[in-house]
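Asks: Okay, handing you the structure first.
In the numbering used here, the protein residues as written are 137 to 279.
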């Protein structure tokens, strides 16, 4: 009798341990990716894209195509040669030229926002009327 009771208790213990299977938690969502940035540079007073700039824009377009729901911010800048108002306009035109090149490379226009920041955000701090090539640029940021 003790043997039957022992077998029943052992069986009950084993069955209670076999309850519901362990629930596997869902995988964690992927970590947000850091923005990817590129820069193109321009000659003094120019909006013409160099061959190097076209290669950079092509690389940016390829990276954009690998992202899901990505957005691109294109921001133009100028050096301090000329008036601040003229440099805002020039930086806006530079941003538009880069946006147009990105669209030609297959990026939807609706995914690209542009702005022209003129003489603000200088890479190299200079005085007024300073011809500094590194300040004549467009930043492309893919998020």
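We put the beta carbon where it would ideally sit given N, CA and C, even for glycine. Keep in mind it's a predicted model, so treat the numbers as computed, not measured.
Rounded to whole angstroms, what's the CA-CA distance from residue 176 to residue 210? Just pull it up for me.
Replies: Those two C-alpha atoms are separated by around 10 Å.
Asks: Among all the DSSP beta bridges, which residues are the ones paired with residue 234?
Replies: In the DSSP output, where bridge partners are listed per residue, residue 234 has none listed.
Asks: In whole angstroms, what is the alpha-carbon distance linking residue 252 and residue 218?
Replies: If I take the Cα positions, the gap works out to 15 Å.
Asks: Leaving aside the five residues before and after residue 172 along the sequence, list all residues of the same chain whose C-beta is less than 6 Å from its C-beta, in chain order.
Replies: Around residue 172: 199, 278.
Asks: By Cβ distance, which residues of its chain are closer than 6 Å to residue 304, with the 5 residues on each side in sequence left out?
Replies: The chain is shown from 137 up to 279; residue 304 falls before or after that span and cannot be answered.
Asks: So residue 206 and residue 266 are supposed to be a Cβ contact under 8 Å. How far apart are they, rounded?
Replies: Going by Cβ atoms, the distance from residue 206 to residue 266 rounds to 35 Å, so no, they are not a contact pair.
Asks: Let me check understanding here. Comparing Cα to Cα, which of 169, 201, 226 lies closest to residue 181?
Replies: Considering only alpha carbons, the answer is 226.
Asks: Under three-state DSSP, which class holds residue 243?
Replies: In this structure, residue 243 counts as coil in the three-state DSSP scheme.
Asks: With distances taken between CB atoms, is the gap from residue 241 to residue 194 smaller than 9 Å?
Replies: In this structure, residue 194 lies closer than 9 Å to residue 241 by Cβ.
Asks: Quick check on this structure: which residue in 244, 236, 192, 256 has the alpha carbon closest to the alpha carbon of residue 223?
Replies: It is 256.
Asks: Considering only DSSP beta bridges, list what residue 222 is partnered with.
Replies: Looking at the DSSP assignment, residue 222 forms no beta bridge with any residue, so it has no partner.
Asks: Suppose the cutoff is 8 Å on Cβ atoms and the five residues either side in sequence are ignored; what does the same chain contact list for residue 220 look like?
Replies: Cβ within range, chain order: 254, 255.
Asks: Is the separation between the beta-carbon of residue 229 and that of residue 183 shorter than 9 Å?
Replies: Yes, these two residues count as a Cβ contact at 9 Å.
Asks: If you follow the alpha helix (DSSP H) that residue 262 is part of, which residue opens it and which one closes it?
Replies: Segment: none, residue 262 is in no alpha helix (DSSP H) and carries neither H nor E.
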